[in-house]
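A.B. asks: If you count the sequence shown from 1, you need to add 38 to reach this note's numbering. Cβ atoms here follow ideal geometry from the backbone N, Cα and C, with glycine treated the same way.
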Amino acid sequence: MITLGPPLGVGAWLLRRQYERSEYNKSIKGILPTSQEDFEKQSQRIRVARYDETDVDTVLEGFDNQFQYFQKQILEIVEKRIVDYIAVSETKSDTISKLLRPLVDENKQVTVHLGSDFETFVTTKAEVPAVSDDTFVEFTKLSVPYFNSKNTQKRTRLGVAEVSLLEIPSKEEQVQDFRIAITLVQYKQWGAAKEHIDVLPGQEIQKSSFCE
Numbered sequence: 039m040i041t042l043g044p045p046l047g048v049g050a051w052l053l054r055r056q057y058e059r060s061e062y063n064k065s066i067k068g069i070l071p072t073s074q075e076d077f078e079k080q081s082q083r084i085r086v087a088r089y090d091e092t093d094v095d096t097v098l099e100g101f102d103n104q105f106q107y108f109q110k111q112i113l114e115i116v117e118k119r120i121v122d123y124i125a126v127s128e129t130k131s132d133t134i135s136k137l138l139r140p141l142v143d144e145n146k147q148v149t150v151h152l153g154s155d156f157e158t159f160v161t162t163k164a165e166v167p168a169v170s171d172d173t174f175v176e177f178t179k180l181s182v183p184y185f186n187s188k189n190t191q192k193r194t195r196l197g198v199a200e201v202s203l204l205e206i207p208s209k210e211e212q213v214q215d216f217r218i219a220i221t222l223v224q225y226k227q228w229g230a231a232k233e234h235i236d237v238l239p240g241q242e243i244q245k246s247s248f249c250e
């Protein structure tokens, strides 16, 4: 038997690798800064507290590890950032996009109900050529679903928030800053709408409540 091309299993593996590389390139392209100044732009910067296992209060609050502590803060910031983005969008225009409408109730109050856990979470190292040829920082891509209600029995899934985080190097021991980009993706099999959230005009560094 003569086989033309790689075996089926290898071919599928290669296609998967190509797809993953393509998705990685798209994700990193959407958050890489164009300059050192852009990298430090406060309107696209967030701050979280570092996990301290020696802090008794942290353990008493139910955080057994660094991941739980990080997840809680990121979910808090993402929810607030979506709310702030919608508020800015409403001031700029009388109408908001179809994707955002379900997040605004009849009283024009913005309500965002994120899931309590990340659905996906991947971290790797990324080069930041706009800063220098040898600057490598941590790049994290995660996703979390969002719903129309907090009631887990009756709620409907509206979509997923895809979050990209690029570490901003710092010597701070108690906090860590990240450059952030969020993409809301409608829960729809075909033709899902997307909304990109990166810079929030006039916004200073957005901090988690754990930093206070």
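Is the CB-CB distance between V150 and V121 below 9 Å?
C.D. replies: Taking the sequence shown and counting its residues from 1, the one referred to as residue 150 is at position 112. Taking the sequence shown and counting its residues from 1, the one referred to as residue 121 is at position 83. Their beta carbons are under 9 Å apart, which means V150 touches V121 by this criterion.
A.B. asks: Tell me the DSSP secondary structure of T41 in three-state form.
C.D. replies: For the purposes of this step, residue 41 is identified with residue 3 of the sequence shown, where counting begins at 1. Below a pLDDT of 50, predicted positions are generally treated as unreliable, and T41, at 47, falls in that range; the measurement from the model is reported next regardless. Residue state, collapsed to three classes: coil.
A.B. asks: Take every Cβ of the stretch 207-215, pair it with every Cβ of the stretch 152-165, and state whether three or more of those distances are shorter than 8 Å.
C.D. replies: No contact exists between the stretch 207-215 and the stretch 152-165.
A.B. asks: When you compare each of S202, E233 and T221 to I84 by their alpha carbons, which one comes out closest?
C.D. replies: Taking the sequence shown and counting its residues from 1, the one referred to as residue 84 is at position 46. Comparing Cα positions, the closest option is S202.
A.B. asks: Considering T129, what are the terminal residues of the alpha helix (DSSP H) in which it resides?
C.D. replies: Position 91 of the sequence shown, counted from the start, is the residue given in the question as residue 129. Start and end: Q104 to K130.
A.B. asks: Between the stretch 223-243 and the stretch 97-109, can you find at least three pairs of beta-carbon atoms closer than 8 Å?
C.D. replies: Counting Cβ pairs under 8 Å, fewer than three are found: no touch.
A.B. asks: Use the C-beta contact count for K245: other C-beta atoms within 10 angstroms, 16 or more gives buried, fewer gives exposed.
C.D. replies: Within the sequence shown, numbered from 1, the residue matching residue 245 stands at position 207. Buried, by the Cβ-count rule.
A.B. asks: Using the beta-carbon count (16 or more within 10 Å), is Y107 buried or exposed?
C.D. replies: Numbered from its first residue, the sequence shown carries residue 107 at position 69. Classification for Y107: buried.
A.B. asks: Looking at L70: is its Cβ nearer than 9 Å to the Cβ of E117?
C.D. replies: The count along the sequence shown starts at 1 and reaches residue 70 at position 32. The count along the sequence shown starts at 1 and reaches residue 117 at position 79. Not a contact, by the Cβ cut-off of 9 Å.
A.B. asks: Would you list the one or two residues that DSSP bridges to P183?
C.D. replies: In the sequence shown, counting from the first residue as 1, residue 183 sits at position 145. BP columns for P183 point to V198.
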